[in-house]
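First residue of the sequence shown? That's 37 in my numbering, and the numbers climb one at a time after it.
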Amino acid sequence: MMHRFDTIYKCLLNNEMEKLAWYLKKLKNDENRVEEYCKLLDDLSSIDIDYLMNIYEISKTNMSEKYHLIPPKRIVWEECNTIEQAKKCIEITKESIKDERCLITDIRTIPKGIYDYIYQEGIDLIKSGKVGIVIMSGGDGTRLGWNGPKGTYPIGIVSKKSLFQIMCERIICLTRICKADENKIPLYIMTSSSNYSAISEFFKLNKNFGLKEENIILFKQFMLPCIDIKSKSLMLSNISTINKSPNGNGGIFASMKEQGIIKDMKRRGIEYIFISTVDNPLCKIADPLFIGYSHTFNLDIATKTVARLDPLEKVGCLAQKINKNVMNTSSEDCKLLMPCIVEYTEMGDEINNSINEDTGEMVFSHGSIAIHNMKLTFVEEMGDKEFVYHQAIKKIPFYDLDTNKIIQPKDVNGVKLELFIFDCFKFANKVYGLEVLRSDEFAPIKSSTGQDTPTNCQKIMSELYRDFLLRVNSVICNSVKYVEISPLVSYSGEGLEHLKMQIFDQEYVEISE
37 MMHRFDTIYK CLLNNEMEKL AWYLKKLKND ENRVEEYCKL LDDLSSIDID YLMNIYEISK
97 TNMSEKYHLI PPKRIVWEEC NTIEQAKKCI EITKESIKDE RCLITDIRTI PKGIYDYIYQ
157 EGIDLIKSGK VGIVIMSGGD GTRLGWNGPK GTYPIGIVSK KSLFQIMCER IICLTRICKA
217 DENKIPLYIM TSSSNYSAIS EFFKLNKNFG LKEENIILFK QFMLPCIDIK SKSLMLSNIS
277 TINKSPNGNG GIFASMKEQG IIKDMKRRGI EYIFISTVDN PLCKIADPLF IGYSHTFNLD
337 IATKTVARLD PLEKVGCLAQ KINKNVMNTS SEDCKLLMPC IVEYTEMGDE INNSINEDTG
397 EMVFSHGSIA IHNMKLTFVE EMGDKEFVYH QAIKKIPFYD LDTNKIIQPK DVNGVKLELF
457 IFDCFKFANK VYGLEVLRSD EFAPIKSSTG QDTPTNCQKI MSELYRDFLL RVNSVICNSV
517 KYVEISPLVS YSGEGLEHLK MQIFDQEYVE ISE
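Here you go:
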């Protein structure tokens, strides 16, 4: 232990963390604080401090990177109605865009014949066991006022079903639609050190929401220490623990590789990975159209977008970028352009306020909704990549060595180092966006105040479910306040014909069968 202390003490001093070094030595010399000293020493021993400070310094380059942005071009479809016509149209389209790395299409503009063809491609891939699902669920429900992992939040309007339950039941419904074996769609959940046990227990208590136990695989997102803005030192969360936070959703690739997830997927014969966050109950899990779209165009990545509401909306934006250092008069050369998503925290006024003079719409209007489909081979390659971290500057509670108290800061005081999943886009052969309707597929819950609240989400869900009923000519009286349709009954509005002309007049309507 003495050797460990000397090594860590010297490392702290070399990285100008004198105060933390002094505190560690103080604990070491106090015979009444042996347990605290051992715990802190163990914690520090698990951290490669030199590596941490190196990636911290490199992360500053992300904040100063200068690049020119260009919006993705739209796919222009040829009209067609039959499957045979669709095949010909798709081949013509593929040839015309073969050199483009980043394109987008509005789901409403896809001709019916092509839509049906691509959808069936997705159905066939799911049915044959070629698709796996990853849900990113490393966060907790603190900002929602919820004491537990975010995925356990009861978002169901009437049923009080959790986010996890809604997603699992949608998988069961999809299995039925695809006429697939129930073992064909495995669910992988990325947790964090702070919520792994709670999520595992939640699934056990709820009997995996009808899914087979062997098809639910949990793995952990890696953690990184937080860094004090002023002192550039590690922070303490309590008297003997270093303050850590998840390393961002971009850490998914290394976590999947190092924890055997990729190996398990290859064993199962998976070729495509559907990836989403846990906080969007309207997410069409393993959407067959989306997967078929990705497969038809041989994409390393397909990503879903919605039209941004306004320049201030806190969503990233799908675009193409080129480093200003290599720009020339032919800056739109598609070989130099890299697909990207510009995070909302990194978008300046110039990007946000750019308006297309012909349409009057925002130039950069394709808001990312954190739903991606990726080839397994591509994800495996990304597990070996070294990505540059981003700095998230936050208010971080910390244990103060001067007052021996835990401080809740009023202003930002620390840096969390995070990787973004979309930083892999520049390595993809192609990244195509599929723009979907916000009202159909995007109602995230982020916090208890603002736009993305549970209450607002439930209203959007209810409006969508109400629309499903109206499509089959159900009668909905004015007295109806909320409608909820179980994912076990309908994946996305289908299978409700038995409710034709049925009258609903109660305040809360729940369709559970």
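Just so it is clear, CB atoms sit at the ideal spot from N, CA and C, and this is done for glycine as well.
Per-residue DSSP class, three states only, for residue i
i	result
D541	coil
S484	coil
K536	coil
T27	Beyond the ends of the chain as shown, which are 37 and 549, falls residue 27; an answer cannot be given.
E530	coil
A322	coil
A355	strand
D176	strand
E520	strand
E454	strand
R474	helix
I162	helix
R110	strand
D369	Low confidence applies here, because D369 scores a pLDDT of 49, under 50, leaving its location unreliable and the question unanswered by this model.
L77	helix
T227	strand
E307	coil
Y103	strand
N364	Note that N364 has pLDDT 49, beneath the 50 cutoff, so the model's placement of it is unreliable and the number below is only indicative. Correct three-state label for N364: coil.
T141	strand
Where residue i falls, given that 16 or more other Cβ within 10 Å makes a residue buried
i	result
E157	buried
P190	exposed
M301	buried
C513	exposed
G469	buried
I442	exposed
V112	exposed
K266	exposed
Q257	buried
C42	Here residue 42 turns out to be Asp, not Cys, going by the sequence shown. It counts as exposed.
G396	exposed
S366	Its pLDDT being 45, under 50, S366 is placed unreliably in this model, and the coordinates cannot settle the point.
N90	exposed
Y425	buried
H408	buried
Q542	exposed
H39	exposed
Best match in the options for proximity to residue i [C-alpha to C-alpha]
i	options	result
F540	I83, L505, L354	L505
M497	S522, K130, K482	S522
K340	I358, N316, I85	N316
I106	T381, L532, E543, A355	A355
N117	I94, Y151, H104, D84	Y151
I85	P480, V342, K268	K268
Y518	L88, S195, I133, T141	S195
E218	G419, G165, Q444	G165
L254	G531, K163, I235	I235
D459	F289, L241, D135, R144	F289
L180	H534, E520, S548, T489	T489
S95	A57, S483, D336, I263	I263
S401	I407, N392, H408	N392
E136	N465, F461, L524, D476	N465
I405	R502, I146, I481, K240	I481
C138	N334, T178, E417, L60	N334
E386	N283, I337, Y103, Y329	Y103
I193	K186, K495, I252	K495
E416	F463, E477, N50, K123	F463
E250	S230, F238, Y224, N242	Y224
Residues bridged to residue i [DSSP beta-bridge criterion]
i	result
F258	Answer is none; F258 lacks a bridge partner.
P190	S198
C47	Answer is none; C47 lacks a bridge partner.
N338	For the record, residue 338 in the displayed sequence is Ala; it is not Asn. BP columns for A338 point to N409, Y468.
A343	H402
F434	I443
Residue i vs residue j beta-carbon contact at 7 Å
i	j	result
V516	V472	no
I306	L412	yes
I309	G168	yes
M226	G174	yes
D500	I327	Residue identity check: residue 500 is Leu in the sequence provided, not Asp. Contact flag unset, no.
Y73	L272	no
F423	L373	no
S312	I171	yes
I321	I154	no
C214	I159	yes
C353	F461	no
S233	K75	no
I83	R110	no
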